[in-house]
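Below is one structure, written out as structure tokens; the observations come after it.
Protein chains: 2
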Amino acid sequence: MNEIDLDGLVERDWEEETDADPVRFAMVGLGWWTREQAIPAVEASDYAETTVLVTGSPEKADDVAADVASVTATLTYEEYADGDAVDEYDAVYVCTPNALHHDHVRAAADLGKAVLCEKPLEASVEEAEALVDTCETADVPLMVAYRVTTGPAARRARDLIDGGAIGDVVSVVGHMSDTVLDSVGPDSWRLDPELSGGTTLNDIGIYPLNATRFVLGEDPRAVHATTTSAHEAFDGVDEHGAFTLEFSESLLGSYTVSHSADVRSSLRFVGTEGELTVEGIFFPGTQKVLRLSRGGTESEFRPPSPDQMREEFDYFANHLQRGAAVEPDGAMGVTDMRVVEALYESAESGERVEL
Amino acid sequence: MNEIDLDGLVERDWEEETDADPVRFAMVGLGWWTREQAIPAVEASDYAETTVLVTGSPEKADDVAADVASVTATLTYEEYADGDAVDEYDAVYVCTPNALHHDHVRAAADLGKAVLCEKPLEASVEEAEALVDTCETADVPLMVAYRVTTGPAARRARDLIDGGAIGDVVSVVGHMSDTVLDSVGPDSWRLDPELSGGTTLNDIGIYPLNATRFVLGEDPRAVHATTTSAHEAFDGVDEHGAFTLEFSESLLGSYTVSHSADVRSSLRFVGTEGELTVEGIFFPGTQKVLRLSRGGTESEFRPPSPDQMREEFDYFANHLQRGAAVEPDGAMGVTDMRVVEALYESAESGERVEL
Chain D
3 MNEIDLDGLV
13 ERDWEEETDA
23 DPVRFAMVGL
33 GWWTREQAIP
43 AVEASDYAET
53 TVLVTGSPEK
63 ADDVAADVAS
73 VTATLTYEEY
83 ADGDAVDEYD
93 AVYVCTPNAL
103 HHDHVRAAAD
113 LGKAVLCEKP
123 LEASVEEAEA
133 LVDTCETADV
143 PLMVAYRVTT
153 GPAARRARDL
163 IDGGAIGDVV
173 SVVGHMSDTV
183 LDSVGPDSWR
193 LDPELSGGTT
203 LNDIGIYPLN
213 ATRFVLGEDP
223 RAVHATTTSA
233 HEAFDGVDEH
243 GAFTLEFSES
253 LLGSYTVSHS
263 ADVRSSLRFV
273 GTEGELTVEG
283 IFFPGTQKVL
293 RLSRGGTESE
303 FRPPSPDQMR
313 EEFDYFANHL
323 QRGAAVEPDG
333 AMGVTDMRVV
343 EALYESAESG
353 ERVEL
Chain H
3 MNEIDLDGLV
13 ERDWEEETDA
23 DPVRFAMVGL
33 GWWTREQAIP
43 AVEASDYAET
53 TVLVTGSPEK
63 ADDVAADVAS
73 VTATLTYEEY
83 ADGDAVDEYD
93 AVYVCTPNAL
103 HHDHVRAAAD
113 LGKAVLCEKP
123 LEASVEEAEA
133 LVDTCETADV
143 PLMVAYRVTT
153 GPAARRARDL
163 IDGGAIGDVV
173 SVVGHMSDTV
183 LDSVGPDSWR
193 LDPELSGGTT
203 LNDIGIYPLN
213 ATRFVLGEDP
223 RAVHATTTSA
233 HEAFDGVDEH
243 GAFTLEFSES
253 LLGSYTVSHS
263 ADVRSSLRFV
273 GTEGELTVEG
283 IFFPGTQKVL
293 RLSRGGTESE
303 FRPPSPDQMR
313 EEFDYFANHL
323 QRGAAVEPDG
333 AMGVTDMRVV
343 EALYESAESG
353 ERVEL
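First to last, the protein sequences are chains D and H. Just add 2 to the spot in the first sequence (first one is 1) and you have the working numbering. Just add 2 to the spot in the second sequence (first one is 1) and you have the working numbering.
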């Protein structure tokens, strides 16, 4: 392998066109992320549409419905659980406080609906495992909404590394940060450990964790984490974090995350024959940049960077149309939660934790 | 601050021309690094020249002397310690196994010679402290040979961050790797803990550690490290490492290092208002690339990337000519060794170690 045609890689390697109707979604939870990211993404999508809104706030539902022509019903959580408007949607997108995911997924599973559930799957490993069981028992598809892995940047990174572009990967360094108080304010459930299961490692540390696992196909065998807080809004929860993932005798990863820094993300893989960095990898609408260096050659590639949420909904919907299996699946989501639990255990004790 | 004129920054912000003669160096230790990096750098330098070679191998001395016209004497270690050819050099560059540094520095100090000593200062914190005392007692200048901090890339990074280019720094991620067996072979003292004081964290982990301290002016208050080995040549010593540096409640760093990967290095600072990455930062002859992102603006700057070893020798010599204080000084070198010692303690115990 000498020359790599970065431009020649396929944008949607998962796509197969069908004659099926669009998949109709019930949006469960109308918080900031659903309103500002998910619903616009579905409006722009090829295979999905929003037909039902589920929320505890009728006013919020009316506001959102007024702007989305495809909406045919707005439900309270009770109406949703009771099966109201059951014929008006095919799948649910669950984006509520993590500790409520299982309740809402159970309602969907009871109604035979496919489930796209936000990450992390739940607020505890036990509830996440139960959520996966619920979907398996009801035989409904479950996908965890790791938007990164359905977009072209992470998939191309995986293909390049699988193809030997940088030899055997030895080191990974990653970073993700945002300014969460500017997005959700200090009263958000994200800062309540009961509802979230953890703030920064759990909410955004999971991105470099999951993306590393996705790209390399390896799971951590031991971890260490350090967490700190400075801003009063993060009193008692983790505002900043640094963690190490130990994959094998010759593969280690080091990461930093922060909920109080500029919106930035990157993931760098260093191998025995070169280096691949993906800039901007974790955020939905940013231009991604892949930089590959091997020997004396540097290549920079700015792939089409479609909105990650649109790619995620289209990936999920297109697979449902074809009856094809989806990933990241529940097992992948549970493994991430076990790792995050170990990270918090390590941050608490200061000790390396084996998985 | 909106526009940053990256090109306008000064290359040698430390330089002041003088009428003084070049500083004449005795090269103490003629291993791979001295022969292939230090001596060529001094030949290309503006303010230094190599006049004396000190080695345990007369053959090696003759080989090297044949190629370097400025050499006037070759000494054994005993002759050097006895003060032979004492009038033929002004300063020494000590590049021997770490555990021998203090002996050779003591000889130089006894003779009143200025000392440029390779990093890490010694094989143990105690000996490093003793080495610093030796130089202070003899009142000879001591500089630790962290070549990175005398080059323009690290100095510009420091200036940019000091000037507020990325706001308050919150996260740092760094990486350094090389293929040390290809450079020095499996019998090198670098793989002998008695002579080196530690292999990978000590030999190359010290670069991102020192560079982060240099750029930010902050010292770690606690650390964690993980080390692994796979290749048989690294049996019993660290081949790969990952470590976390905890600087404050709102400043954490995560790093990976490997002595068995492609030759790569980078250091990324993420702040409250942007991000600055220096690619290729730790190796002597590589093109450095500074990438600054803030708001929606990305700037890429490829500064002049002079050989780091030449810059280091010229910096040291130019300061000696002027009688100016040098840095990194002994105190900085000792602090790094305390941190590295804590990293090894953490890797051994699995626990976070406070400094």
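Ideal placement from N, C-alpha and C gives every residue a C-beta, glycine not left out. These figures come from a predicted structure and were not determined experimentally.
Nearest-angstrom Cα separation, counted from residue j out to residue i
{"i": "H:Met178", "j": "D:Ser256", "result": "12 Å"}
{"i": "D:Thr288", "j": "D:Phe303", "result": "14 Å"}
{"i": "D:Pro306", "j": "H:Lys121", "result": "45 Å"}
{"i": "H:Val70", "j": "D:Ala156", "result": "51 Å"}
{"i": "D:Val1", "j": "D:Ser190", "result": "For chain D, the structure presents residues 3 to 357; residue 1 of chain D sits outside this window and is missing."}
{"i": "H:Pro99", "j": "D:Asp264", "result": "43 Å"}
{"i": "H:Arg358", "j": "D:Glu281", "result": "With chain H running from 3 to 357 in the structure shown, residue 358 of chain H is simply not present."}
{"i": "H:Asp237", "j": "H:Ala227", "result": "18 Å"}
{"i": "H:Val96", "j": "H:Ser351", "result": "33 Å"}
{"i": "D:Thr181", "j": "H:Ser301", "result": "22 Å"}
{"i": "D:Ile208", "j": "D:Val174", "result": "15 Å"}
{"i": "D:Glu128", "j": "D:Ala101", "result": "11 Å"}
{"i": "H:Val30", "j": "H:Ala140", "result": "19 Å"}
{"i": "H:Asp338", "j": "D:Asn204", "result": "32 Å"}
{"i": "D:Gly85", "j": "D:Asp105", "result": "14 Å"}
{"i": "D:Ala46", "j": "D:Gln39", "result": "11 Å"}
{"i": "H:Ile283", "j": "H:Leu197", "result": "27 Å"}
{"i": "H:Ala93", "j": "H:Ala110", "result": "8 Å"}
{"i": "H:Glu347", "j": "D:Glu19", "result": "57 Å"}
For residue i: DSSP bridge partner residues
{"i": "H:His242", "result": "H:Thr230, H:Ser260"}
{"i": "H:Met29", "result": "H:Leu55, H:Tyr95"}
{"i": "H:Thr279", "result": "H:Arg270, H:Arg293"}
{"i": "H:Leu247", "result": "H:Val225, H:Gly255"}
Neighbourhood of residue i by C-beta distance below 8 Å, restricted to the same chain and skipping five residues each side
{"i": "H:His233", "result": "Leu183, Glu241, Ser262"}
{"i": "D:Thr151", "result": "Arg157, Asn212, Ala213, Phe216, Glu329, Pro330"}
Three-way DSSP call (helix, strand, coil) for residue i in this model
{"i": "D:Cys119", "result": "strand"}
{"i": "H:Glu350", "result": "helix"}
{"i": "H:Ser126", "result": "coil"}
{"i": "H:Thr76", "result": "strand"}
{"i": "H:Thr274", "result": "coil"}
{"i": "D:Asp180", "result": "strand"}
{"i": "D:Arg223", "result": "coil"}
{"i": "D:Ser198", "result": "helix"}
{"i": "D:Phe284", "result": "coil"}
{"i": "H:Glu81", "result": "helix"}
{"i": "H:Val88", "result": "helix"}
{"i": "D:Thr20", "result": "coil"}
{"i": "H:Ser185", "result": "helix"}
{"i": "D:Gly255", "result": "strand"}
{"i": "H:Glu13", "result": "coil"}
{"i": "H:Ala50", "result": "strand"}
{"i": "H:Val70", "result": "coil"}
{"i": "D:Asn4", "result": "In this prediction, D:Asn4 scores a pLDDT of 46, lower than 50, which makes its location untrustworthy; no coordinate-derived value is stated."}
Neighbourhood of residue i by C-beta distance below 7 Å, restricted to the same chain and skipping five residues each side
{"i": "H:Trp34", "result": "Ser185, Val186"}
{"i": "D:Val239", "result": "Leu193, Pro195, Thr201, Ser231"}
{"i": "H:Tyr148", "result": "Lys121, Asn212, Pro330"}
{"i": "D:Phe318", "result": "Leu118, Met145, Val328"}
{"i": "D:Arg14", "result": "none"}
{"i": "H:Ala50", "result": "Pro24, Val25, Phe27, Val44, Phe315, Asp316, Ala319"}
{"i": "H:Ser72", "result": "Glu51, Thr52, Thr53"}
{"i": "H:Ser126", "result": "Gly199"}
{"i": "D:Phe1", "result": "Outside the displayed range of chain D (3 to 357) lies residue 1 of chain D, so it cannot be described from this structure."}
Residues of its chain near residue i, where Cβ-Cβ distance is below 6 Å and the 5 sequence neighbours each way are ignored
{"i": "D:Ala362", "result": "Missing from the structure shown is residue 362 of chain D; chain D here goes from 3 to 357 and no further."}
{"i": "D:Gly153", "result": "Gln310, Glu313"}
{"i": "H:Ile206", "result": "Met178, Val259"}
{"i": "D:Arg270", "result": "Val175, Thr279"}
{"i": "D:Ala344", "result": "Val225, Val355, Leu357"}
> Which ranges does the beta strand (DSSP E) cover as unbroken runs of at least 3 residues, wholly within the stretch 121-178 of chain H, from first to last along the chain?
Replying inline: 144-146
> What are the uninterrupted segments assigned as alpha helix (DSSP H) that are 4 or more residues long and contained completely in the stretch 300-357 of chain D, given in chain order?
Replying inline: 310-324, 332-351
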